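**Student:** With this note's numbering applied, the sequence shown covers 94 to 396. Just so you know, even glycine gets a beta-carbon here, dropped at the ideal spot from N, CA and C. Everything numeric in this text was worked out from a predicted model, so none of it was measured. Before anything else, here's the structure in question.
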Amino acid sequence: MLNILRRRYWYFGISMLVMIPGILAVAMWGLPLAIDFTGGSKLEIKMEGDINLSTSSIATLLDDNGFSDNVVQIADNDVVVIRTKTMDDLSKGVVIEAFEDEFDVAVELLSFESVGPVIGREVAGRAVQAVAIAAFGILGYITYAFRGVKNSFRYGVCAIAALLHDATIVVGLTAILGQYFDWEVDALFLTALLTVIGFSVHDSIVVFDRIRENLNRYRRTEYEAVVNLSVVQTLDRSINTQLTALFTLFALALFGGESIFHFVVTMMIGLFSGTYSSLFNAAPILVVWEKREWRNWFRSNPI
Numbered sequence: 094m095l096n097i098l099r100r101r102y103w104y105f106g107i108s109m110l111v112m113i114p115g116i117l118a119v120a121m122w123g124l125p126l127a128i129d130f131t132g133g134s135k136l137e138i139k140m141e142g143d144i145n146l147s148t149s150s151i152a153t154l155l156d157d158n159g160f161s162d163n164v165v166q167i168a169d170n171d172v173v174v175i176r177t178k179t180m181d182d183l184s185k186g187v188v189i190e191a192f193e194d195e196f197d198v199a200v201e202l203l204s205f206e207s208v209g210p211v212i213g214r215e216v217a218g219r220a221v222q223a224v225a226i227a228a229f230g231i232l233g234y235i236t237y238a239f240r241g242v243k244n245s246f247r248y249g250v251c252a253i254a255a256l257l258h259d260a261t262i263v264v265g266l267t268a269i270l271g272q273y274f275d276w277e278v279d280a281l282f283l284t285a286l287l288t289v290i291g292f293s294v295h296d297s298i299v300v301f302d303r304i305r306e307n308l309n310r311y312r313r314t315e316y317e318a319v320v321n322l323s324v325v326q327t328l329d330r331s332i333n334t335q336l337t338a339l340f341t342l343f344a345l346a347l348f349g350g351e352s353i354f355h356f357v358v359t360m361m362i363g364l365f366s367g368t369y370s371s372l373f374n375a376a377p378i379l380v381v382w383e384k385r386e387w388r389n390w391f392r393s394n395p396i
């Protein structure tokens, strides 16, 4: 039988190699917060004509009209999304008029919204609270659900460890993409992150539930062997479930438009990470904890 857990420290090392660049990116650059969290304005307009738009030309046009701190996105070559500091109705009219004069086309206002800095801070605070409450709720639920298993608390802690692994990868990669490709952390990102957390916990529970069944079935078998058997038995199911979701998300990334592209890619990254962490992090941590291997970390190589 395939011995997956034999190389568990390799899996931990791979996770660290993926997480460390993201952690450093957040520490150095911070998160590219959108107006949902910082306050500001978002203007979405449609150009009624066959013209070639570029973000650089639009940014120059905005700079010339006094809007220097802005982020520009182009969707479907005729829809322009502008994020900038708080803009009033007068400034909005100036921008639309500037576009009409510059490109000699009619401009249709699709949407306009402004968020004050106080509201932005409140949203950010509530987002952090939501994640924290979800984590504690998950810990309590798993501990209770696995109360028939010895040391059920460990299963909750390992699920939280996998959850934090996935959240760290998603947040860190977003910080890197924000630095180089102008990605932003907005309300859709928060939705994607919470969904990833849900998938991560679900995958971990599937593995843990199989471990519980096998512990009752193979009472005289070594704990590591039971956990390894459980991981092998759930491997196909986890991969197939992930591929089904990824194919759907890939189609959305290709044909869903720019407005949800970042959301979909974030989901894809998180789902892949969630499957990896539930199989190759959460379950192996249970074995490390059961065998108290940390006592030998500085005595010999446990690999």
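Determine the DSSP secondary structure at N163, reduced to helix, strand or coil.
**Tutor:** The residue labelled residue 163 in the question sits at position 70 within the sequence shown. It is a strand residue.
**Student:** Which of helix, strand or coil does DSSP assign to L202?
**Tutor:** Counting from one through the sequence shown, the residue named residue 202 turns up at place 109. DSSP places L202 in strand when its eight states are reduced to three.
**Student:** Strictly by DSSP, which residues pair up with S323?
**Tutor:** Within the sequence shown, numbered from 1, the residue matching residue 323 stands at position 230. Paired residues: none, contrary to the question.
**Student:** Grab me the residues of R247's own chain with a C-beta within less than 7 Å of its C-beta, minus the 5 sequence neighbours each way, in chain order.
**Tutor:** Residue numbering aside, residue 247 sits at position 154 when the sequence shown is read from its first letter. So the list reads L379, W382, once near-sequence residues are dropped.
**Student:** In chain order, what are the residue ranges of uninterrupted alpha helix (DSSP H) at least 4 long that sit wholly in the region 210 to 286?
**Tutor:** With a minimum length of 4 residues, the continuous alpha helix (DSSP H) runs that stay inside the region 210 to 286 are 210 to 238, 245 to 274.
**Student:** Below 8 Å between beta carbons: does that hold for A255 and A375?
**Tutor:** Counted from its first residue, the sequence shown places residue 255 at position 162. Counted from its first residue, the sequence shown places residue 375 at position 282. Yes, these two residues count as a Cβ contact at 8 Å.
**Student:** Quick one: what does DSSP say K178 is sitting in, helix, strand or coil?
**Tutor:** Stepping through the sequence shown from its first residue, residue 178 is reached at position 85. In the structure shown, K178 sits in coil (DSSP, three-state: anything other than H, G, I, E or B).
**Student:** Looking at C-alpha atoms only, which residue of D197, K135, T368, R100 is the closest neighbour of S293?
**Tutor:** If you number the sequence shown from 1, residue 293 lands on position 200. Closest by alpha carbon: T368.
**Student:** Where does the unbroken alpha helix (DSSP H) through M361 begin, and where does it stop?
**Tutor:** What you label residue 361 is simply residue 268 of the sequence shown in a count that begins at 1. It spans 354 to 370 - the alpha helix (DSSP H) in which M361 sits, taken as one unbroken run.
**Student:** When you compare only the Cα positions, how much space is there between A346 and H355?
**Tutor:** Along the sequence shown, one-based indexing puts residue 346 at 253. Along the sequence shown, one-based indexing puts residue 355 at 262. Distance between the alpha carbons of A346 and H355 is about 8 Å.
**Student:** Assign N309 to one of two classes, buried (16 or more other C-beta atoms within 10 Å of its C-beta) or exposed (fewer than that).
**Tutor:** Taking the first residue of the sequence shown as 1, we reach residue 309 at position 216. Counting Cβ neighbours within 10 Å, N309 comes out exposed, since fewer than 16 surround it.
**Student:** When the Cα of A260 is compared with those of I97, F274, S108, which residue comes out closest?
**Tutor:** Numbered from its first residue, the sequence shown carries residue 260 at position 167. If we check each option's Cα against that of A260, S108 comes out closest.
**Student:** I'd like the span of the alpha helix (DSSP H) that includes E383, first residue to last.
**Tutor:** As a working note, residue 383 is residue 290 in the sequence shown. E383 -> alpha helix (DSSP H) spans 376 to 384.
**Student:** Looking at the strands, I want to know which residues DSSP matches up with L136.
**Tutor:** Within the sequence shown, the letter at position 43 stands for residue 136. In the DSSP output, where bridge partners are listed per residue, L136 has I175, F205.
**Student:** Measure the CB-CB distance between V324 and L364 and report whether it falls below 8 Å.
**Tutor:** Translated into the one-based positions of the sequence shown, residue 324 becomes position 231. Translated into the one-based positions of the sequence shown, residue 364 becomes position 271. No.
**Student:** For V164 versus V173, is the C-beta distance shorter than 8 Å?
**Tutor:** Position 71 of the sequence shown, counted from the first residue, corresponds to residue 164. Position 80 of the sequence shown, counted from the first residue, corresponds to residue 173. Cβ distance not < 8 Å, so V164 and V173 don't count as in contact.
**Student:** Any idea what DSSP makes of F154, helix, strand or coil?
**Tutor:** Residue numbering aside, residue 154 sits at position 61 when the sequence shown is read from its first letter. Before going further, note that residue 154 is Leu rather than Phe in the sequence given. Helix at L154.
**Student:** How far does the alpha helix (DSSP H) with G115 in it extend, from its first residue to its last?
**Tutor:** Along the sequence shown, one-based indexing puts residue 115 at 22. Where G115 is concerned, the enclosing alpha helix (DSSP H) stretches over 101 to 122.
**Student:** Does the separation of the CB atoms of G115 and I269 fall below 8 Å?
**Tutor:** For the purposes of this step, residue 115 is identified with residue 22 of the sequence shown, where counting begins at 1. For the purposes of this step, residue 269 is identified with residue 176 of the sequence shown, where counting begins at 1. Result yes, Cβ atoms of G115 and I269 sit closer than 8 Å.
**Student:** In whole angstroms, what separates the C-alpha of I151 from that of Q222?
**Tutor:** Walking along the sequence shown from the start, residue 151 turns up at place 58. Walking along the sequence shown from the start, residue 222 turns up at place 129. Distance between the alpha carbons of I151 and Q222 is about 38 Å.
**Student:** Please report the residue range of the alpha helix (DSSP H) in which F130 lies.
**Tutor:** Here residue 130 is taken as the residue at index 37 of the sequence shown, counted from 1. F130 -> alpha helix (DSSP H) spans 128 to 131.
**Student:** Suppose the cutoff is 8 Å on Cβ atoms and the five residues either side in sequence are ignored; what does the same chain contact list for L154 look like?
**Tutor:** Residue numbering aside, residue 154 sits at position 61 when the sequence shown is read from its first letter. Around L154: A191, F192, E195.
**Student:** Using DSSP bridges, identify the partner residues of A168.
**Tutor:** Here residue 168 corresponds to residue number 75 of the sequence shown, with the count starting at 1. V172, per the DSSP bridge assignment.
**Student:** To the nearest angstrom, how far is it from the Cα of E386 to the Cα of Y316?
**Tutor:** Counting from one through the sequence shown, the residue named residue 386 turns up at place 293. Counting from one through the sequence shown, the residue named residue 316 turns up at place 223. Spanning the two alpha carbons is a distance of roughly 14 Å.
**Student:** Rounded to whole angstroms, what's the CA-CA distance from S134 to I262? Just pull it up for me.
**Tutor:** Within the sequence shown, the letter at position 41 stands for residue 134. Within the sequence shown, the letter at position 169 stands for residue 262. Each residue's Cα considered, the two are about 29 Å apart.
**Student:** Pull up the CB-CB distance for S207 and T236, whole angstroms please, since I reckon it's below 8 Å.
**Tutor:** The sequence position of residue 207 within the sequence shown is 114, counting from 1. The sequence position of residue 236 within the sequence shown is 143, counting from 1. Not quite, the Cβ-Cβ distance comes to about 44 Å (not below 8 Å), so this is no contact.
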